[in-house]
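**Q** Sharing a structure here in structure tokens format.
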């Protein structure tokens with residue numbers, strides 16, 4: 002190959018790479034798809050029904066855009082009467098979509114892989130026990146019983162653990178789907 | 350740079366016959382193995398090479414326990430062909446890389462409570478068992494690279510190099526968290542997906558040495574595009590950048606002077622949705638980089654050099670637009686679209702002294718960084734339905750980094766050598782008057798190396814022992830980190846290598862033991878140090894068998 006041919010070959014290669022460069026810049030793929038509807042948990046609702054009077058109180062944690070972004074819009078203080086007993090019903094929702102997605106149903110269906118834990122701070126006279134069970138006879142915690150004694154204040158931590166095939170009644174096992182610390186007053 | 354692998358394949362040889370090599374390796378810590386082979390040949394004016402590697406490792410172990418879900422699988426291959434005639438050569442290279450990496454389960458935490466539980470526990474909260482299987486969470490990476498390099502030599506005007514490369518990098522992350530909704534879960538989608546495409550082109554002209562001047566001028570361009578799916582952590586983006594540079598060296602007797610100048614321009618555009626509205630912010634950055642330096646070679650084996658340079662970089666996409674939850678790290682990270690370009694002014698001096706018995710090298714540097722970008726922890730932690738999350742923001746400051754690297758070795762006898770190395774670095778945030786965190790701790794290394802005489806079929810038999818002492822990183826502060834820096838540690842390694850002559854070939858073998866005494870330690874720069882000890886003893890055996898056809 003003589004020098005002239007080499008120069009030609011070289012120019013062709015140069016042009017080719019230039020074309021690749023230009024072609025790539027015309028590729029119109031940059032617009033992102035609408036963000037996927039991520040499966041978010043936005044809302045935790047605790048419904049306390051007084052077992053004697055039938056009086057119902059609801060306490061909510063609501064962060065409609067999920068973790069990060071805007072601050073939670075609702076974060077209630079749990080206020081209960083002293084020396085009373087309650088039946089607790091839990092609702093877990095995704096309100097970032099319309100209509101809202103009721104995640105409670107999924108948790109109940111996959112009860113053998115989930116458990117809610119209720120931990121109260123020392124000095125708070127609130128005592129919570131499970132009132133439901135999964136297919137294996139272990140508690141889920143979507144339904145629970147609560148009893149109060151004397152007036153006191155403290156916190157109630159509600160934790161939902163995802164324990165696929167590893168459910169063992171231990172709060173440290175598995176993934177944390179929900180963890181909300183409610184300020185609690187027994188009055 | 351995200352999604353980009355720098356590859357400089359071994360040169361293709363267009364002499365000799367068809368040949369290749371088989372390489373196998375075994376690793377004791379992960380009960381892993383790797384097998385690799387290559388073959389190369391030439392048929393003038395063409396030369397070619399094929400190469401492939403398979404690697405599998407099981408669960409890694411510390412001295413006291415297994416690290417759950419740390420298996421690793423990899424496959425890669427490449428092909429190269431070269432055309433060479435007279436003064437012109439061009440080479441086309443393709444490589445494919447695929448790996449699956451288990452992410453240490455106990456490092457994948459849900460919130461600050463999980464993190465605090467992990468800190469107070471001596472052992473990881475998820476017990477590991479040995480397996481070659483990879484479970485959730487894991488990461489899957491696919492990388493294609495096509496590269497063309499051409500070189501034209503001309504006696505009159507010098508050498509011209511043209512390089513063009515295309516890369517495609519796909520990264521998928523599968524979280525531990527499987528969606529509760531069965532219909533979503535059954536799709537098996539990753540929780541994070543990045544596809545980064547990069548095209549780079551570079552044209553360089555190196556002129557012949559003339560009147561003691563040698564040097565080059567060049568042009569370079571890059572186009573990069575990212576597509577993110579299933580997450581909004583990093584937005585889709587496009588980058589274009591281009592640069593032009595010139596570099597000249599003037600050589601006179603024992604003395605040389607070098608100077609370079611470069612101009613770069615970068616344009617970026619991001620694409621993301623904010624409350625349902627498509628946002629497409631654009632940024633432009635441009636600046637000069639330069640360096641000036643001088644080297645002096647003394648006849649008594651002494652070299653002295655000094656270099657002063659300034660360079661810059663544009664903020665990366667994650668630094669500008671990170672938005673929210675970093676899966677698995679249980680952290681909220683926020684970028685700042687208003688970040689300015691970072692600029693460094695660096696002074697480096699080096700001194701070398703060399704005789705047949707002794708070698709000493711000392712280097713010192715000071716780097717002043719203007720608009721240094723770093724991740725600042727912000728208090729208080731964010732309140733979320735999944736508990737408290739630490740919050741980090743990308744911020745800028747002016748920082749000064751200086752350090753020293755020193756090496757000395759001495760041959761007690763011809764085959765017997767002792768070596769010592771020391772490195773230290775200090776980084777100060779000048780605006781906030783605090784240390785810059787996540788910087789390496791001081792390190793001292795000592796090494797003894799002996800080369801044995803050949804006997805029988807055994808050649809190049811050598812053995813070495815190295816001891817590395819890593820000091821505690823005391824230059825940190827409580828608010829900047831979850832935990833204080835780990836304590837000092839000392840690791841010992843041992844290596845033995847040899848060639849065994851068989852007919853016309855030499856089979857190379859080596860045996861290497863890292864962390865020989867199985868010391869339990871944690872390294873300051875390893876993110877897993879919050880959750881578990883670092884790796885225990887690992888013995889690696891490597892055998893290379895060359896062949897010809």
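Residue numbers (the working numbering), protein chains in the order written: chain X, 2 to 188; chain R, 350 to 898. Built from N, CA and C at the ideal position, the CB exists for glycine as well. Note that the coordinates shown come from a computational prediction; the quantities given were computed from them, not determined experimentally.
#1: Mapping the DSSP letters down to three states, classify residue 470 of chain R as helix, strand or coil.
#2: For residue 27 of chain X, which residues of its own chain have a beta-carbon under 7 angstroms away from its beta-carbon, when the five flanking residues on both sides are left out?
#3: Kindly list the residues whose CB is nearer than 6 angstroms to the CB of residue 588 of chain R, restricted to its own chain and excluding five residues on each side of it in sequence; keep chain order.
#4: Please state whether DSSP places residue 547 of chain R in a helix, a strand or coil.
#5: Using 8 angstroms as the threshold, is the segment 550-568 of chain R in touch with the segment 634-652 of chain R, meaning 3 or more CB pairs across them?
#6: Between the C-alpha atoms of residue 867 of chain R and residue 792 of chain R, what's the straight-line distance to the nearest angstrom?
#7: Grab the span of the alpha helix (DSSP H) containing residue 105 of chain X for me, first residue to last.
#8: Run through DSSP, which three-state label would residue 114 of chain X get?
#9: Name the chain R residues whose beta carbon is nearer than 7 angstroms to that of residue 181 of chain X?
#10: Run through the segment 652-727 of chain R for me and flag every whole beta strand (DSSP E) of 3 or more residues, listed as ranges in chain order.
#11: Where do the N-terminal and C-terminal ends of the alpha helix (DSSP H) with residue 776 of chain R fall, by residue?
#12: Tell me which residues of the segment 441-466 of chain R have at least one Cβ-Cβ distance to chain C shorter than 7 angstroms, keeping chain order.
#13: Starting from the Cα of residue 460 of chain R, find the closest Cα among R:755, R:776 and R:674 and give me that residue.
#14: Just checking: is the beta-carbon of residue 141 of chain X within a distance shorter than 9 angstroms of some beta-carbon in chain R?
#15: Checking 9 angstroms against the spacing of the C-beta atoms, do residue 451 of chain R and residue 487 of chain R come in under that value?
#16: For residue 163 of chain X, decide whether its Cβ has a neighbour in chain R, counting only Cβ atoms nearer than 9 angstroms.
#17: Considering only DSSP beta bridges, list what residue 592 of chain R is partnered with.
#18: Mind checking residue 557 of chain R: buried by the 16 CB within 10 Å criterion, or exposed?
#19: Quick one: grab the DSSP three-state call for residue 462 of chain R.
#20: Might you give, ordered along the chain, the residues of its own chain that have their beta carbon closer than 7 angstroms to the beta carbon of residue 580 of chain R, omitting 5 neighbours on each side?
#21: So residue 374 of chain R packs on residue 843 of chain R, CB below 8 angstroms; how close in whole Å?
#22: List the residues that DSSP assigns as beta-bridge partners of residue 742 of chain R.
#23: Less than 9 angstroms separating the beta-carbons of residue 433 of chain R and residue 473 of chain R?
#24: For residue 173 of chain X, go through chain R and note every residue whose CB falls closer than 7 angstroms to its CB, in chain order.
#25: Is DSSP giving residue 504 of chain R helix, strand or coil here?
#26: For residue 156 of chain X, would you say it is in contact with chain R, using Cβ-to-Cβ distances shorter than 9 angstroms as the test?
#27: List, in order along the chain, the chain X residues whose C-beta lies closer than 9 angstroms to that of residue 738 of chain R?
#28: Helix, strand or coil for residue 578 of chain R, going by three-state DSSP, please let me know.
#29: Give a yes or no on contact between the segment 423-440 of chain R and the segment 496-510 of chain R, applying the rule of three or more CB pairs nearer than 8 angstroms.
#30: Check distances from the C-beta atoms of the segment 41-59 of chain X to those of chain R and list, in chain order, the residues that come in under 8 angstroms.
#31: What residues are listed by DSSP as bridge partners for residue 811 of chain R?
#32: What's the gap between the Cα of residue 637 of chain R and the Cα of residue 613 of chain R?
#33: Identify the contact partners of residue 731 of chain R in chain X, using a Cβ-Cβ distance below 9 angstroms as the criterion.
#34: How many whole angstroms separate the CB atoms of residue 139 of chain X and residue 170 of chain X, which I take to be in contact at a CB cut-off of 8 angstroms?
**A** This is what the structure gives:
#1: coil
#2: Note that residue 27 of chain X has pLDDT 47, beneath the 50 cutoff, so the model's placement of it is unreliable and the number below is only indicative. There are no such residues.
#3: 573 and 617
#4: strand
#5: no
#6: 19 angstroms
#7: 104-110 is the extent of the alpha helix (DSSP H) around residue 105 of chain X.
#8: Residue 114 of chain X falls in the helix class under three-state DSSP.
#9: 734
#10: 672-675, 680-683 and 691-703
#11: Not the alpha helix (DSSP H): residue 776 of chain R falls in the beta strand (DSSP E), residues 765-778.
#12: The structure shown has no chain C; the protein chains it does contain are X and R.
#13: R:674
#14: no
#15: yes
#16: yes
#17: R:569 and R:613
#18: exposed
#19: helix
#20: 540 and 541
#21: Not a contact, Cβ separation roughly 17 angstroms.
#22: R:683 and R:725
#23: no
#24: 466 and 474
#25: Note: residue 504 of chain R maps to coil in three-state DSSP.
#26: no
#27: 68 and 69
#28: strand
#29: yes
#30: 42, 43, 44 and 45
#31: R:800 and R:846
#32: 7 angstroms
#33: 68, 69 and 72
#34: The beta-carbon distance between residue 139 of chain X and residue 170 of chain X, rounded to whole angstroms, is 7 angstroms. This is short enough to meet the 8 angstroms contact definition.
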